[in-house]
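**Student:** Here it is, the structure, as structure tokens.
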Amino acid sequence: MIRVGVIGCGYWGPNLIRNFAQIGSSEMVMAADLDENRLKHIESLYPAIKTSTDYRDIVNSPEIDAVAIATPVFTHKKFAIEAMEQGKHVLVEKPMASSAADAQAMIETSEKQGVCLMVGHTFEYHPAVIKVKEIIDSGELGDIYYINSQRLNLGLFQPDINVVWDLAPHDISIILYLIGKEPEFITTIGTSHINPDIQDVATLTMVFDNKMIAFIQSSWLDPNKVRKMTIVGSKKMLVYDDIEPNNKIWIGGMHLTPPTTTYSILGHG
1 MIRVGVIGCG YWGPNLIRNF AQIGSSEMVM AADLDENRLK HIESLYPAIK
51 TSTDYRDIVN SPEIDAVAIA TPVFTHKKFA IEAMEQGKHV LVEKPMASSA
101 ADAQAMIETS EKQGVCLMVG HTFEYHPAVI KVKEIIDSGE LGDIYYINSQ
151 RLNLGLFQPD INVVWDLAPH DISIILYLIG KEPEFITTIG TSHINPDIQD
201 VATLTMVFDN KMIAFIQSSW LDPNKVRKMT IVGSKKMLVY DDIEPNNKIW
251 IGGMHLTPPT TTYSILGHG
């Protein structure tokens, strides 16, 4: 039984608390947040859970084995490192940190202390994403030519990170999980419209060693919520639409006759 403390009871923290309280392999011990009203709400739902306005009560508690962090991004490094230095395993919500340097410092602390550091890339455990990987690994799509992923919505505008750091981690983690390798290089371009210092629309490109390329479009300025990934292979193409309530995966065959641009598509859901 893993005894867990959750730091941060705002947007995502209550979901973590609920899950840790429900699964049989963990015991939800303590929750911490600066907002006492949030803590009162948690207490009303889970009377057995201790609460505190000081995160250090979780970090320093001998009753706690692991800490889940669901706080603003700029606090992730501090809270995670302090917890790991006390010998605690850490689950930190995405994005892992506000810079690559901070993320590396967290990794080094994990290795030094011999504890587990995990980022909340939840889509790697999504049944539809797991199914897409099974399809790719089976060879049904053939050689993967390119991936195009869109994660668009209106807001939520973040005050401390840009849209790439906010939305793209999901797409990056899904693509790396599906492909099983890291890109040779990455380029990103973005623009700022609402806050002049924070990009709210961006496109990220990942190029792999086998000429496969992946595009990720992220936006806080789209009127429609879009969560769609297109995967094109030498035999077939696949569309994974997470917004679709029922048939989230579509597979179609494509027949090309080079060098013409004439083609036909046959698909099924």
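Under UniProt numbering, the final residue of the sequence shown carries the number 269; numbering is consecutive throughout.
Glycine is no exception: its CB is placed at the ideal position from the N, C-alpha and C atoms.
All figures in this text were calculated on a predicted structure; none of them were measured in a lab.
Can the beta-carbon of Asn-162 be found less than 8 Å from the beta-carbon of Ile-189?
**Tutor:** The answer is no: Cβ separation not under 8 Å.
**Student:** Check whether the Cβ atoms of Ile-49 and Ile-58 sit closer than 8 Å, and answer yes or no.
**Tutor:** It is not a contact, given that the beta carbons lie outside the stated cut-off.
**Student:** Go ahead and label Ile-107 buried or exposed: buried means 16 or more other beta carbons lie within 10 angstroms of its beta carbon, across all protein chains shown.
**Tutor:** It counts as exposed.
**Student:** Find out if the Cβ-Cβ distance for the pair Gly-5, Ser-61 is shorter than 8 Å.
**Tutor:** It is a contact, given that the beta carbons lie within the stated cut-off.
**Student:** Can Asp-209 and Glu-184 be called in contact, C-beta distance under 8 Å?
**Tutor:** Their beta carbons are under 8 Å apart, which means Asp-209 touches Glu-184 by this criterion.
**Student:** Excluding sequence positions up to five away, which residues of its chain have a Cβ less than 6 Å from the Cβ of Asp-102?
**Tutor:** Hits under 6 Å: Lys-77.
**Student:** Expressed to the nearest angstrom, what Euclidean distance is found between the alpha-carbon atoms of Lys-112 and Glu-82?
**Tutor:** Their backbone Cα atoms lie some 13 Å apart in a straight line.
**Student:** Going by Cα to Cα distance, which pick from Ile-130, Leu-154 and Ile-69 is closest to Leu-176?
**Tutor:** For Leu-176, the nearest C-alpha among the options comes from Ile-130.
**Student:** Compute the distance between the beta-carbons of Met-28 and Tyr-11, then report whether it is under 8 Å.
**Tutor:** Their beta carbons are not under 8 Å apart, which means Met-28 does not touch Tyr-11 by this criterion.
**Student:** What does the alpha-carbon distance come out to for the pair Ile-251 and Leu-238?
**Tutor:** Spanning the two alpha carbons is a distance of roughly 4 Å.
**Student:** Using the beta-carbon count (16 or more within 10 Å), is residue 276 buried or exposed?
**Tutor:** Here the chain covers residues 1 to 269 and nothing more, so residue 276 does not appear.
**Student:** What residue from Gly-155, His-126 and Gly-8 has the CA that sits closest to Pro-223's CA?
**Tutor:** When only C-alpha atoms are compared, the closest one is Gly-155.
**Student:** If I'm right that Ala-202 touches Val-164 with Cβ under 8 Å, what's the distance once you round it to whole angstroms?
**Tutor:** Right, their Cβ atoms sit about 5 Å apart.
**Student:** Alpha carbon to alpha carbon, how far is Pro-52 from Phe-74?
**Tutor:** For the record, residue 52 in the displayed sequence is Ser; it is not Pro. Near 20 Å, if we compare the C-alpha coordinates of Phe-74 and Ser-52.
**Student:** Kindly give me the distance between the Cβ atoms of Ala-105 and Gly-8, rounded to whole angstroms, as I take these residues to be in contact under 8 Å.
**Tutor:** Contact flag wrong, Cβ pair sits at about 20 Å.
**Student:** Can you confirm whether the region 85 to 92 touches the region 132 to 148 when touching is taken to mean that 3 or more C-beta pairs between the two stretches lie within less than 8 Å?
**Tutor:** These segments do not touch.
**Student:** Sort out for me which residues DSSP pairs Val-92 with in a bridge.
**Tutor:** Beta-bridge pairing links Val-92 to Ile-69 and Val-119.
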